[in-house]
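Numbering (the working numbering), first residue to last: 68 to 467.
This is how it looks when you write it as structure tokens:
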């Protein structure tokens with residue numbers, strides 16, 4: 068079965084978010100509030116972006132992120148923009164449009180590049196370093212001449228986390244990972260799994276030998292395993308389980324991850340793309356998120372990128388027929404949305420009996436949306452080939 072139409076839809080969406088700037092071509096996260104280079108969104112998009120974008124262009128962005136890190140702590144930024152990112156969010160919410168990367172003129176030394184390290188809650192994107200490492204390792208084979216340089220950088224960024232190991236677990240600040248509308252302070256399976264994966268891949272390259280990978284995986288299992296659900300819980304002592312981390316645990320062959328349990332628990336009709344299996348208590352959600360009508364942003368909305376990850380999971384479990392059916396259903400929803408030409412929107416919810424992009428008085432779902440379009444490119448590549456996408460063109464791609 069050919070997926071060239073769906074690939075073209077997503078490639079076109081990506082092309083709309085690739086902006087020329089004095090710092091080279093950059094990829095912003097969305098068209099409205101998110102018209103910023105958000106590090107988390109970009110790094111998690113690299114695997115899909117490389118199917119429609121030259122590796123050199125993606126590596127150039129990763130290089131910029133390295134160059135703009137906080138050198139005193141070796142912390143990768145949360146986001147880059149030509150104005151303070153929070154200012155952009157507030158302006159768009161008020162109906163104003165501010166300039167973006169593509170509208171900046173002049174040489175780089177005459178233009179301010181704003182580096183945002185802390186979000187609205189005063190906390191960093193605590194996963195930025197790990198996501199940069201994983202994205203860089205994903206591209207490593209394509210830049211053999213820079214292998215040692217990039218691996219050296221990865222080791223530096225891994226060391227950032229050393230002071231945050233407390234009682235044998237990584238402790239993260241509140242509102243500091245991808246589900247940043249929810250408090251999630253303390254230890255999360257998501258962050259530990261990213262750390263484990265980064266260490267595993269770096270040890271495959273002969274680096275970070277000081278970490279005992281078996282001890283690390285045993286420790287993670289002991290604190291996060293939910294015996295009744297046969298899944299990994301979001302945080303120790305809680306019943307809630309997160310979709311993305313349990314999918315990745317199976318895909319990455321994390322010890323004891325159970326594909327059948329993940330599928331039976333998360334792959335229910337009308338439940339694709341929902342981040343967690345239980346609501347967060349209202350007290351765990353930031354007041355700003357509730358104020359703009361997004362109380363269930365991270366626990367009941369359907370995320371396009373997560374739906375794509377579920378499709379990829381199915382293909383890797385040799386369930387291509389179900390994966391194809393789910394893909395067809397998602398792109399039917401895209402076609403029926405108010406602006407199908409923008410491709411996958413950020414988040415959806417049931418409106419008038421059908422899934423539609425979220426829209427509240429003060430917020431509208433980003434479309435085009437880099438993370439969603441890129442993850443669908445990754446899923447479609449796997450669906451076409453049955454394996455993880457390698458660098459190279461997909462039929463239907465659009466290059467800038």
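We put the beta carbon where it would ideally sit given N, CA and C, even for glycine.
Query                                                                                                                           : Result
Beta-carbon proximity list for residue 184, same chain, < 7 Å, skipping 5 on both sides                                         : 137, 142, 144, 145, 191
Limits of the unbroken alpha helix (DSSP H) element including residue 288                                                       : 280-291
Under 8 Å between C-beta atoms of residue 321 and residue 245                                                                   : no
Start-to-end residues for the beta strand (DSSP E) that takes in residue 423                                                    : 421-424
Separation of residue 303 from residue 374, as counted between CA atoms                                                         : 26 Å
Inter-residue Cα distance where the pair is residue 272 and residue 222                                                         : 11 Å
Contacting residues, own chain, Cβ-Cβ under 6 Å from residue 300 (five flanking each side not counted)                          : 291, 293, 308
Touching by the beta-carbon criterion (3+ pairs, under 8 Å), the stretch 273-281 and the stretch 229-237                        : no
For residue 466, the three-state DSSP class (helix, strand or coil)                                                             : Low confidence applies to residue 466: its pLDDT is 38, below 50, so where it sits in the model is not reliable, and the reading given next is rough at best. Residue 466: coil per DSSP, three-state reduction.
Any C-beta of chain D under 8 Å from that of residue 450                                                                        : In the structure shown, chain D cannot be found, because there is only a single protein chain.
Per DSSP, cross-strand counterpart(s) of residue 418                                                                            : 421
Inter-residue Cα distance where the pair is residue 288 and residue 251                                                         : 19 Å
Spatial distance of residue 266 from residue 275 (CA atoms)                                                                     : 7 Å
Cut-off 6 Å between Cβ atoms - residues of its own chain near residue 458, not counting five sequence neighbours on either side : At residue 458, the pLDDT of 45 sits below 50, so the modelled position is not reliable and the matter cannot be decided from this model.
Outcome for residue 194 when other beta-carbon atoms lying within 10 angstroms are tallied against a minimum of 16              : buried
Residue 452 to residue 197 span [Cα, whole Å]                                                                                   : 28 Å
Where the alpha helix (DSSP H) through residue 226 begins and ends                                                              : 214-226
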